[in-house]
Structures are given as structure tokens and as C-alpha cells.
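Take 1 as the starting number for the sequence shown in the UniProt record's numbering and just add one per residue.
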Amino acid sequence: MNDPIPMSLRRTETAFRWQGLRLPGVRIDPPHPAPADAPCLVFLHEALGSIRLWRDFPDEVVAATGLPALVYERQGHGDADPIAAPRGLDYLHIEAEQALPAVLEQAGIKRAILIGHSDGGSIALLHAAAFPERSIAAVTLAAHAFVEDVTVAGVHEAMEAWRTTDLPEKLAKYHGPNTEALYRAWAETWTSDAFRRWNIEDRLPRIGCPLLVIQGAEDEYATAAQVHAICQGAGGPATPLLIPDCAHQPQRQQRAAVLDAITEFVRGLA
């Protein structure tokens, strides 16, 4: 069950089109309208994520910062149109440089603060590198800049859970008929030999906007090397935040600390 939504916030369901695909979205507005030139928070979900899997975290960030937000689902996730072809090794680049710009254009968002979790964090970095004029800042939660041994091991553990636990049923609550195709696209891509060469460190120097780079110290899919690489490689100011007693879901496992960090970061942008 999703967490309750603060009644003072306004949520408006919407949808976007990209390459003939329908991508559902939700616009979240604070109780008091933000200035006309205020940036919009854009939430980019994880590899197996959806609008509903964010729960009420975007609402809390909107309430804390006073900024509007957009949350949307990528192809094959949640209620979006399904994945219809094998996923290419450049799928994150395509999401960052083609799909996300189309969504922002249709939403009328000219200035964005990107908040991405896992795959969404990598998409945020790639988009900030490609579109510096629109990227005011970015917050990454458990983002990857390259593939580590622990990343692949974590995916293999998830594959075992898919075979031996009720994980398929749990994911189906959020993705419905998209569930199996989405899971297989993720698992097969990240465990393929070819994807071990995936690396976006060469894009990081193009990022000029401020970054807040958050990761759990016990992340089952990454080491602190990810945080160090992103912060050292970025072309603009980057603030690392490695959170103890936290794994791959900082916004759930250490919600208060993450919410405080994002709120302080966003307020500091002014």
C-alpha cells in the first residue's frame, strides 16, 4: 500500500508520448504556487521502479522545498507501454538523451532539478551532461557510473530471488503485465558480458551543474567507488553523501537523512 499523500499537495495525472509509446506521469504542485521561473523537480525511478514505487517520497520533497515536481514512468515500467524489442546496451543513454528531453518538452519544463534513483541516477547524470542549459542541478541516489563485480553479484542474487521467492508477485503489483519482460530486460542486460564495458565516466566532465551524490554504505549493488568517481569526474561542484546503515534504497531505508540532505541542497541552489 502506498503511503498517504499530504492533502495540501495537488496531484495531476498526465501522460507523454515518445516514439509512439505512452509514458504515464504525475505532476505534483505545492500548496502555494512557486514563482514562474522556479525549476521543477523531475524524479527518475530505478531499474525496476515505477511512479507507485516512489511512494510518497516525491510528495515529501515537494512539501519541504516548495517546488513542483514531475514523476513519470519509462517504457515497460508500471502502466507505461511495454518493452517491445530487446534492450540495447545504450538504453540509459537513449532514456537520458531522447526520451527524457521529449517528456520535459511536452511538460513545458525548461529548468529541471533531476532526482534519480539507481538507473534513474545514471540517466540524470547523462542528461545533465548532454543538456546543461536545462539542468539546474541533480541528485543521485545509488547511481552507477560503471559496472562493478558487486553490481553483477547483486543482480544474480535478485535473479535467484525471482526464481525462489514471491518477488514476481510483489513486482506485479506495480508493473502488471509488464512485470516479466521488464525484469528479464534488466537482469539479462546487467549480467551480460558486453554490458561489463558500460561506463559513463567520459561524460562526467561535461556536467557543470551542482550534484548531490548519495549512496548507502551497504549498497548491495555498488561500492563507494561509484560516489568517488562521480564526484571526482564531474565538471561542476559535487557533494558526496555516503549514508551508514543503508543499502540500495536510501530514500526508504534512511528517508529522514535523505530528505534533509536534498532539502538543504535544493535551498542552497538559490
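Ideal Cβ placement from N, Cα and C applies to all residues, glycine included. Source: prediction; values computed, not measured.
DSSP beta-bridge partners for tryptophan 18? Leu21
Check whether the Cβ atoms of proline 177 and proline 24 sit closer than 9 Å, and answer yes or no. no
Cβ neighbour criterion (16 or more within 10 Å) applied to alanine 142: Alanine 142 comes out buried.
Who are alanine 112's beta bridge partners in DSSP? Cys40 and Ser135
With a CB to CB cut of under 7 Å and the five nearest residues on each side skipped, what residues in its chain are close to lysine 110? Taken in chain order, the residues that qualify are Arg134.
If you draw a straight line from the C-alpha of leucine 171 to the C-alpha of threonine 65, how long is it? 31 Å
Do valine 213 and leucine 241 have their C-beta atoms closer together than 9 Å? yes
Contact set for serine 192: own chain, Cβ-Cβ below 8 Å, skip 5 residues either direction: Leu89
Return yes when the Cβ of alanine 137 is within less than 9 Å of the Cβ of proline 210, no when it is not. In this structure, alanine 137 lies closer than 9 Å to proline 210 by Cβ.
Since isoleucine 51 and glycine 78 are thought to touch, with beta carbons under 8 Å apart, how far apart are those beta carbons, to the nearest angstrom? 6 Å
On the criterion of 16 or more Cβ atoms from any shown chain inside 10 Å, does arginine 267 qualify as buried, or is it exposed? exposed
Which residue wins for smallest C-alpha separation from glutamate 60, given the options His93, Glu188 and Ala256? Ala256
So for arginine 197, helix, strand or coil by DSSP? helix
Taking buried to mean at least 16 other C-beta atoms within 10 Å of its own C-beta, is proline 30 buried or exposed? buried
Would you report the Cα separation of proline 35 and tryptophan 162, rounded to the nearest angstrom? 46 Å
Could you pull the start and end residues of the beta strand (DSSP E) that valine 71 belongs to? Counting along the chain, the beta strand (DSSP E) containing valine 71 begins and ends at 69-72.
Can you give me the C-alpha to C-alpha distance between alanine 261 and histidine 93, rounded to a whole angstrom? Cα to Cα, the separation comes out at about 27 Å.
Could you tell me how far apart the beta carbons of leucine 48 and tyrosine 183 are, in whole angstroms, since I believe they sit closer than 8 Å? 7 Å
Locate the beta strand (DSSP E) running through isoleucine 214, then write down its first and last residues. 211-216
Express the C-alpha separation of leucine 269 and alanine 38 in angstroms, rounding to a whole number. Spanning the alpha carbons of alanine 38 and leucine 269 requires a straight line of approximately 11 Å.
Cβ neighbour criterion (16 or more within 10 Å) applied to serine 118: buried
Would you say arginine 17 and proline 132 are within 9 Å of each other, going by their C-beta atoms? no
Work out the CA separation of glycine 108 and glutamate 46 for me, nearest whole Å. 24 Å
Assuming phenylalanine 43 and alanine 80 are in contact, meaning their beta carbons sit under 8 Å apart, how far apart are those beta carbons, in whole angstroms? Phenylalanine 43 to alanine 80, Cβ: 15 Å. No contact.
Do alanine 145 and alanine 247 have their CB atoms nearer than 9 Å? no
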